[in-house]
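Student: Handing you this structure, nothing more for now.
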Amino acid sequence: MPLFLHLVAFFLPLFPLVNSLKRIQHTYKKQYYHFDSYGESKGLFQPPIKFSVYKIFLHIAYHLYCYELLKLAIDLDLFVHIWQLLEKVLPMSEELRKATYISAPSLDVDLTPPDLVGTTEILTDIHREALCRHLPARAEGYVWTLVFSTSQHGFSLNSMYRKMYKLESPILLVIEDTDNNVFGALTSCALQVSDHFYGTGESLLFRFSPEFQVYNWTGENLYFIKGNNESLSIGAGDGKFGLWLDGDLYQGRSEKCKTYGNEPLTPNVDFVVKTLECWACSGFQTILLDGLVARDTLQTCSIRFPHPHVKGKRYAE
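Using mature numbering (1 follows the signal peptide of the UniProt record, and there is no 0), the letters of the sequence shown map in sequence onto residues -20 to -1, 1 to 297.
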């Protein structure tokens, strides 16, 4: 029975992806034109059936609007989201859990630090390069968008919640205390008020001093994130919190907890916040939250990568 459920969990999220590929196939067949050396259209023709993977993606990128590519990316993100929802209710062996949350450092690749949309007072290039190796797969390759900063929005936990309203991307929470220690957490979803713990095993804690260290989910419990108007807790167990902040985002505490098996993120258990920043790590969802931002972004993309057969139409409404 568990094997059957795992098979269902694997194949069910494929349906939205298949629908996206069907739309691509329809658009591809519909808009595939033949042009002579002078750019004159010679009409439609049926392309060859066999294509290499490279040619398939080349034609997809060439014949689809950037807006359609955005929709495809959202469908791909939905594939991951559905898998995570099913994972919460399905039994998972330790081997499967480790395979699901394999970390980027195990891969022998060079990762480019993500670009930032917004101004940071904490993160350096070294910080970004180290952190991007531990992002969940669905957050890789996106720009980091600043959604909250104590310097810009004030020291208020409620203000931070409001800035993340309707946001569904992973959040990178970075803190610099008055002793210049840099540390924080990566949460699998936006921070919100909740009566119970929420989040997934993608969440983690990290610190940069005395050396860079990441603390992933241990599997001991599911106490990932819990927040109310008075405080925010990330990781818990035996009455201790991996990272705790008060409602004024002024005082905090970090202790060893079962959720992440972490050491305290600061030399002293208690700390005072100097600066706190929250970054959204999912560019498409962040862009689509604001219609004006979405239209500006699509227009910019269309200007840089214009559709080969449509003149004067910069982006899809």
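Note that beta-carbon positions come from the ideal geometry of N, C-alpha and C, so glycine has one too.
(1) Does DSSP put Phe192 in a helix, in a strand, or in coil?
(2) Please classify Tyr230: does DSSP put it in a helix, a strand, or coil?
(3) From Gly134 to Leu147, what distance separates their C-alpha atoms?
(4) Throw me the rounded Cβ distance for the Gly181 and Thr167 pair, which I believe falls under 8 Å.
(5) So within the segment 114 to 179, which uninterrupted alpha helix (DSSP H) runs reach at least 4 residues, ignoring any that extend past its ends?
(6) Between Asp218, Thr239 and Ile214, which has its C-alpha nearest Arg233's C-alpha?
(7) Check the C-beta distance from Leu223 over to Leu171 and give it rounded, since I have them as a contact under 8 Å.
(8) Taking 7 Å as the threshold (C-beta atoms), are Ile106 and Glu156 in contact?
(9) Might you give, ordered along the chain, the residues of its own chain that have their beta carbon closer than 7 Å to the beta carbon of Phe163, omitting 5 neighbours on each side?
(10) Counting pairs of Cβ atoms below 8 Å between the segment 192 to 205 and the segment 126 to 133, do you hit three or more?
(11) With distances taken from CA atoms, which of Leu256, Asn196, Ser174 and Asp228 is nearest Cys237?
(12) Between which residues of its own chain and Asn138 is the CB-CB distance below 7 Å, once the five residues before and five after are set aside?
(13) Distance, Cα to Cα, Val252 vs Ser183?
(14) Can you pull the DSSP bridge partners for Cys258?
(15) Where does Leu111 fall in DSSP's three states?
(16) Let me know if Pro150 comes out buried or exposed under the rule of 16 or more other beta-carbons within 10 Å of its beta-carbon.
(17) Roughly how far, in whole angstroms, is the beta-carbon of Ser243 from the beta-carbon of Leu126, given that I think they are within contact range, below 8 Å?
(18) My understanding is that Ser96 touches Trp124, with C-beta atoms under 8 Å, so please give their C-beta distance in whole angstroms.
(19) Please say whether Val173 and Tyr141 have beta carbons closer to each other than 7 Å?
(20) Any idea what DSSP makes of Asp250, helix, strand or coil?
(21) Does at least one heavy atom of the ligand ATP sit under 6 Å from the Cβ of Gly232?
(22) At the level of alpha carbons, what is the spacing between Gly98 and Leu229?
(23) Over what stretch of residues does the beta strand (DSSP E) that includes Lys206 continue unbroken?
(24) By Cβ distance below 7 Å, which residues in the same chain neighbour Val249 in space, the five residues on each side in sequence not counted?
(25) If contacts are defined as beta-carbon pairs under 8 Å, then Glu200 and Thr158 qualify, I think. What distance do you get, rounded to the angstrom?
(26) With DSSP run on the structure shown, which of helix, strand or coil describes Lys220?
(27) Helix, strand or coil, according to DSSP, for Arg3 in the structure here?
(28) Is Ile214 helix, strand or coil when you go by DSSP?
(29) How many whole angstroms separate the CB atoms of Ala110 and Phe192, which I take to be in contact at a CB cut-off of 8 Å?
Tutor: Quick answer:
(1) Residue state, collapsed to three classes: coil.
(2) Tyr230 falls in the coil class under three-state DSSP.
(3) The straight-line gap from Cα to Cα measures roughly 20 Å.
(4) Taking a contact as a CB-CB distance under 8 Å, the pair Gly181 and Thr167 does not count as one, their CB atoms being some 11 Å apart.
(5) The segment 114 to 179 contains these whole alpha helix (DSSP H) runs: 130 to 133 and 137 to 143.
(6) When each option's Cα is compared against that of Arg233, the closest is Ile214.
(7) Actually they are not in contact, since the Cβ atoms of Leu223 and Leu171 sit about 12 Å apart, beyond 8 Å.
(8) No, the Cβ-Cβ distance between Glu156 and Ile106 is not below 7 Å.
(9) These residues qualify, in order along the chain: Ile155, Phe186, Arg187, Phe188, Leu245 and Thr246.
(10) Pairwise C-beta distances place the segment 192 to 205 out of contact with the segment 126 to 133, as fewer than three of them are shorter than 8 Å.
(11) Of the candidates Leu256, Asn196, Ser174 and Asp228, the one whose C-alpha sits nearest the C-alpha of Cys237 is Asn196.
(12) Residues Asn209 of the same chain have their beta carbon placed closer than 7 Å to that of Asn138, with the five preceding and five following residues left out of the count.
(13) The straight-line gap separating the alpha-carbon atoms of Val252 and Ser183 is approximately 23 Å.
(14) Per DSSP, Phe128 and Leu153.
(15) Taken through DSSP and simplified to helix, strand or coil, Leu111 comes out as helix.
(16) Pro150 should be labelled buried.
(17) Position check: residue 243 holds Glu in this sequence, whereas Ser was assumed. In this structure, Glu243 and Leu126 do not form a Cβ contact; the two beta carbons are roughly 28 Å apart against a cut-off of 8 Å.
(18) Residue identity check: residue 96 is Leu in the sequence provided, not Ser. Right, the Cβ-Cβ distance comes to about 5 Å (below 8 Å), so this counts as a contact.
(19) In contact: Tyr141 and Val173 (Cβ atoms closer than 7 Å).
(20) Asp250: strand per DSSP, three-state reduction.
(21) This structure lacks the ligand ATP; in fact it carries no ligand of any kind.
(22) Straight through space, the alpha carbons of Leu229 and Gly98 are spaced by roughly 20 Å.
(23) Taken as a continuous stretch (DSSP letters only), the beta strand (DSSP E) holding Lys206 covers Ile205 to Gly207.
(24) Excluding sequence positions up to five before and after Val249, its CB lies within less than 7 Å of the CB of Arg233, Ser234 and Glu235, all in the same chain and listed in chain order.
(25) The C-beta separation of Glu200 from Thr158 comes to about 32 Å, leaving the pair out of contact by the 8 Å criterion.
(26) When DSSP states are grouped into helix, strand and coil, Lys220 belongs to the strand group.
(27) With a pLDDT of 49 at Arg3, under the threshold of 50, the modelled position of this residue cannot be trusted; read the value that follows with caution. Three-state DSSP puts Arg3 in a helix.
(28) In the structure shown, Ile214 sits in a strand (DSSP, three-state: E or B).
(29) Right, their Cβ atoms sit about 5 Å apart.
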